[in-house]
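Below is one structure, written out as structure tokens, with a few remarks after it.
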Amino acid sequence: MPEPLIKTLYTADPSAHVFNSRLYIYPSHDRETAIQFNDSGDQYDMTDYHVFSMESMTSPVTDHGVALTLQDVPWASKQLWAPDAATKDGKYYLYFPARDREGVFRIGVAVARVPEGPFAALESYIEGSYSIDPAVFVDGDGTGYLYFGGIWGGELQCWGTDGGEGWVFDKGLVGPNEPCEGRALGARVAKLGGDMVSFASPVREVVVLDESGEPVRAEDHERRFFEASWMHKYRGTYYFSYSTGDTHFVVYATGDSPWGPFRYRGRILEPVLGWTTHHSIVEFGGRWWIFYHDCTLSGGVSHLRNVKVREIVYDEEGDIRLVE
Ligand code: FUB
39 MPEPLIKTLY
49 TADPSAHVFN
59 SRLYIYPSHD
69 RETAIQFNDS
79 GDQYDMTDYH
89 VFSMESMTSP
99 VTDHGVALTL
109 QDVPWASKQL
119 WAPDAATKDG
129 KYYLYFPARD
139 REGVFRIGVA
149 VARVPEGPFA
159 ALESYIEGSY
169 SIDPAVFVDG
179 DGTGYLYFGG
189 IWGGELQCWG
199 TDGGEGWVFD
209 KGLVGPNEPC
219 EGRALGARVA
229 KLGGDMVSFA
239 SPVREVVVLD
249 ESGEPVRAED
259 HERRFFEASW
269 MHKYRGTYYF
279 SYSTGDTHFV
289 VYATGDSPWG
299 PFRYRGRILE
309 PVLGWTTHHS
319 IVEFGGRWWI
329 FYHDCTLSGG
339 VSHLRNVKVR
349 EIVYDEEGDI
359 RLVE
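For the sequence shown, this note's numbering gives the first residue as 39, with consecutive numbering after it.
Put into structure tokens, the structure is as follows:
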């Protein structure tokens, strides 16, 4: 069993990227609160982010300190959840979810000149963004895509189409009201504008297909999307991975386009200690790694998590295997 990478703070939801040949980790920063566990995730009441980095996979982890705090985000009221980061033209962008002043989850951006920050938050969240767990993928042609969404506490089930290409929020659906049967709700994806802080396309639903080519069904809790989107590319194939939430797996599906559809392929991580599971996949030093979290450091307290890392390999079919 790997050791926690960071033992000085509780950290979770690690998004790992290589910038300037160094490995950077953008995690949530868990903190102790008196809020009781509930299905909406109110106990995940985080108020800032730290950025961490490593020169190599065997070197010590550097904590670069506070990169962004809730009080410096003009539009946000609480709950800085799982972030991600990207770079373009010498600027670094931190993408993060939080509840807005109406209590609705939105996705904001903060900008810095260096990967470790500190980051300056923009006045408002990305127009048209909603729900949680942003994950940025920049394709080989430089086009950026933002994947996002999470059901139950992440409120994805509250957003329905407006009959056209837009999405509307229904407050009556707050809570775990995902469909009981029929097609599962999908993560969302939009193309990022050249400015990296706006959407340049309508928000689309990400479809995961089963072995028969049918969309994974809502009652299939071992395979349906819950939260924690991640996109990476390996040998020209797009790998969309995510958490199944209440069944606690990290699974993946593959496709020929960043938009999908993606065909379900299998599990990467079995359930870890704690309720949530959330990961990122990155190539560094010529090898592939999955960063994830569990609750070893807190002895199993679900909202006090710690980041870990394991190596992955691909077989001849492109299936992902964890290195023991
Ligand atoms: O860290 C808060 C939430 O827990 C994240 O946004 C989810 O992915 C889950 O890990």
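Beta carbons: idealized from backbone N, C-alpha and C, even for Gly. As the structure is a prediction and not an experimental result, all values here were calculated from the model.
For residue 344, the enclosing beta strand (DSSP E) stretches over residues 344-352. An exposed status is given to residue 359, since fewer than 16 other beta-carbon atoms sit within 10 Å of its beta-carbon. Note that the C-beta distance between residue 171 and residue 186 is below 8 Å. Exposed is the label assigned to residue 209, since fewer than 16 other Cβ atoms lie within 10 Å of its Cβ. Taking the Cβ of residue 170 as the reference point, at least one heavy atom of the ligand FUB falls within a distance shorter than 7 Å.
In the DSSP assignment, residue 321 falls within the unbroken beta strand (DSSP E) covering 317-322. Taken through DSSP and simplified to helix, strand or coil, residue 209 comes out as helix. For residue 94, no beta strand (DSSP E) run applies, since DSSP gives it neither H nor E. Three or more beta-carbon pairs separated by less than 8 Å link the segment 207-227 to the segment 183-197, which places the two stretches in contact. A Cβ-Cβ contact shorter than 8 Å links residue 61 with residue 54.
Counting only runs of at least 3 residues, the segment 260-310 fully encloses the following beta strand (DSSP E) elements, listed from N- to C-terminal order: 265-272, 275-281, 288-293 and 300-307. Runs of the alpha helix (DSSP H) lying entirely within the segment 150-183 and spanning at least 4 residues: none are present. For the segment 66-93, the continuous beta strand (DSSP E) assignments of 3+ residues that do not extend past its boundaries occur at 86-92, in sequence order.
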